[in-house]
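**Student:** In my numbering, the protein residues as written are 1 to 604.
Backbone N, C-alpha and C define an ideal beta-carbon position, used for all residues, glycine too.
This one's a predicted model, so the numbers in the text were calculated from it and none came from an experiment.
A single structure is presented below for examination.
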């Protein structure tokens, strides 16, 4: 096995000596709490009287009680709330003459919330409401306000909002954030245009999902006099509109990402910015941050330019429209799209040849009625139209990261939010290798490069077989999670030594950070951010929370849809086995469920 790359651990070697720990508070249904400390196999018990306003899921700092060690069970007392997991909760009000109490409808115990009568939005005791905690003094009840009165007849809306709240994402933007976004002028001044490279006269278009509202990337193309091609990747210049440390910036940082559920998007930025000012809509001048490449007909990058631009998109394509042009070789801007596809496929082949892993996991998409109920399930396919955009975005992200890595301040590399992906974990990899071998796939685990090669060989051989999806899913689970960090160890899955996220600042905060640092580099005025690693960890945490919310919402929709077929039979694939049963995923819907061993007794 290859030697595992690792991060430096800045935690104290002996937490007990410091008498203080930081971790996540897990409250059981009985009300007792346990602090889960990263890197430790022992949790710390916390009695409810020692929660100090902490709630389930909060990141807390706690002191270990010295006398508890003598009793063989570490006990602690919360001394600080490092980060709240959740501030908004669903539930009902109990009204009295002068005030109201809010009783949360949540699984884990939490105190009732005091709500002043002028903060209940005319809600009654019959209403289901969402309350936000606004104040909580020690040894007192938390104080809150009603932020929304729910439509109880809409089960789907309530379920989706509950998933978002449990993941710690606010449902609404604060008023000051909305007001700040409304004050941003829509007209682009000539003074601002003069500061930028003007590429408005070059053919430019966007390619997005058919239902997209925010278009944060555009592609331009022209042929140069030397017969090379100039391909521009133009990204909405969000950092132009959002001042650092403004209310908008702080809110975007806290959210860190947009959340995509089957029937809605919870945006990182208000619609004024995401769907209007920064959306690269056709036939409008827009401010962008661009990476422009000179590329030979053989697909080699000869040179690049990075900087701020102003563009004018000529057309808005959907992926479906572009795919049809590729397949039929006819349609609007046919020659340009076929050329871009030809070059992107060259990039793709080069990438896999250099060690990228060709996972192609299947995603589920739902057809919904007007109330958000699923009436159909489709499997999303990655076709050449998607790959065209994907490869150009990867090129831009990699190039920007390589550029930033070469910038020095006092002969040191600058702090930069890289997107990294570590080599596979040996503990997870070896069982998978044994599983793959049973299905006729050999693995060479001697080096990270050989592991990647073995994965690609297996995935190619499994293409179109009944085992394909299971092998892909189990293979993905052996992989480390990609994260944001200032410590660059490369991106194993993509096969890149340098990588970052530059291409989606409307929906990812790290991209906004990258844009700001890039401009500092171009201005030769870099101010290193000493808190960037801490901010990167926060963004990784919020990304993980968003992904968990998206998975939970998809599972909810799948179960909601499968209710229509109770008693019917479907073909499926066993995806996991345990002592009490096994999991089966239907081939048609990709819906996974547990088959209990007890239910099999009738087949004895």
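(1) Judging by CA-CA distance, which residue of 549, 446, 133, 589 is the nearest neighbour of residue 571?
(2) What residue range is occupied by the uninterrupted alpha helix (DSSP H) comprising residue 399?
(3) According to DSSP, simplified to helix, strand and coil, what is residue 432?
(4) Does the region 222 to 229 come into contact with the region 149 to 157, if we say contact requires no fewer than three beta-carbon pairs (one atom in each stretch) closer than 8 Å?
(5) Taking all protein chains shown into account, do 16 or more other C-beta atoms lie within 10 angstroms of the C-beta of residue 565, making it buried, or fewer, making it exposed?
(6) Given that a residue counts as buried once 16 or more other Cβ atoms are within 10 Å of its Cβ, and exposed if not, what is residue 463?
(7) Would you mind stating whether residue 456 and residue 352 have Cβ atoms separated by less than 8 Å?
(8) With distances taken Cα to Cα, identify the nearest neighbour of residue 497 among 449, 525, 540, 469.
(9) Need the endpoints of the beta strand (DSSP E) that residue 104 sits in, please.
(10) If you follow the beta strand (DSSP E) that residue 217 is part of, which residue opens it and which one closes it?
(11) If residue 368 and residue 263 are in contact, beta carbons under 8 Å, what's the gap, nearest whole angstrom?
(12) Rounded to whole angstroms, what's the CA-CA distance from residue 388 to residue 25? Just pull it up for me.
(13) Using a threshold of 8 Å, state whether the C-beta atoms of residue 400 and residue 518 are closer than that.
(14) For residue 94, which of helix, strand or coil comes out of DSSP?
(15) Give a yes or no on contact between the region 293 to 302 and the region 545 to 558, applying the rule of three or more CB pairs nearer than 8 Å.
(16) Which ranges would you report for the beta strand (DSSP E) in the region 222 to 270 if only whole runs of at least 3 residues count?
(17) Should the region 374 to 387 be called in touch with the region 337 to 353, which here means at least 3 C-beta pairs below 8 Å?
(18) Just checking my contact of residue 288 with residue 237 at CB under 8 Å: how many whole Å lie between their CB atoms?
(19) First and last residue of the beta strand (DSSP E) that includes residue 289?
(20) Counting C-beta neighbours from all protein chains within 10 Å, is the total for residue 440 16 or more, i.e. buried, or is it exposed?
(21) I need the DSSP call for residue 45, collapsed to helix, strand or coil.
(22) Name the two residues that bound the continuous alpha helix (DSSP H) containing residue 541.
(23) Let me make sure I understand the geometry here. Which of 393, 451, 317, 304 has the alpha-carbon closest to that of residue 356?
(24) For residue 467, which residues in the same chain have their Cβ closer than 7 Å to its Cβ, ignoring the five residues on either side in sequence?
(25) Figure out for me which residue from 279, 278, 301, 307 has the closest Cα to the Cα of residue 291.
(26) What separation, rounded to the nearest whole angstrom, lies between the Cα atoms of residue 272 and residue 243?
(27) Just reading off the beta strand (DSSP E) that residue 528 is part of, what are its end residues?
(28) Mapping DSSP to helix, strand and coil, what is residue 599?
(29) Quick check: what's the CA-CA separation for residue 503 versus residue 94?
(30) Below 8 Å, how does it come out for the region 158 to 167 and the region 248 to 268: are there three or more Cβ pairs, yes or no?
(31) Measure the beta-carbon distance from residue 62 to residue 79 and round it to whole angstroms, keeping in mind my assumption that it falls under 8 Å.
(32) If you check the beta carbons only, do residue 117 and residue 186 fall under 8 Å apart?
(33) Residue 180: buried (16+ other C-beta within 10 angstroms of its C-beta) or exposed?
(34) Going by alpha carbons, who is nearest to residue 591 out of 523, 598, 600, 573?
(35) Suppose you measure from the CA of residue 256 to the CA of residue 567; what does that come to, to the nearest Å?
(36) State yes or no: is the C-beta of residue 144 within less than 8 Å of the C-beta of residue 126?
**Tutor:** Let's see:
(1) 589
(2) 384 to 405
(3) helix
(4) no
(5) exposed
(6) exposed
(7) yes
(8) 449
(9) 99 to 104
(10) 217 to 223
(11) 6 Å
(12) 44 Å
(13) yes
(14) strand
(15) no
(16) 229 to 236, 259 to 261, 264 to 266
(17) yes
(18) 5 Å
(19) 285 to 295
(20) exposed
(21) strand
(22) 532 to 562
(23) 451
(24) 439
(25) 307
(26) 15 Å
(27) Per DSSP, residue 528 belongs to no beta strand (DSSP E) and is neither H nor E.
(28) helix
(29) 48 Å
(30) yes
(31) 6 Å
(32) no
(33) buried
(34) 573
(35) 43 Å
(36) no
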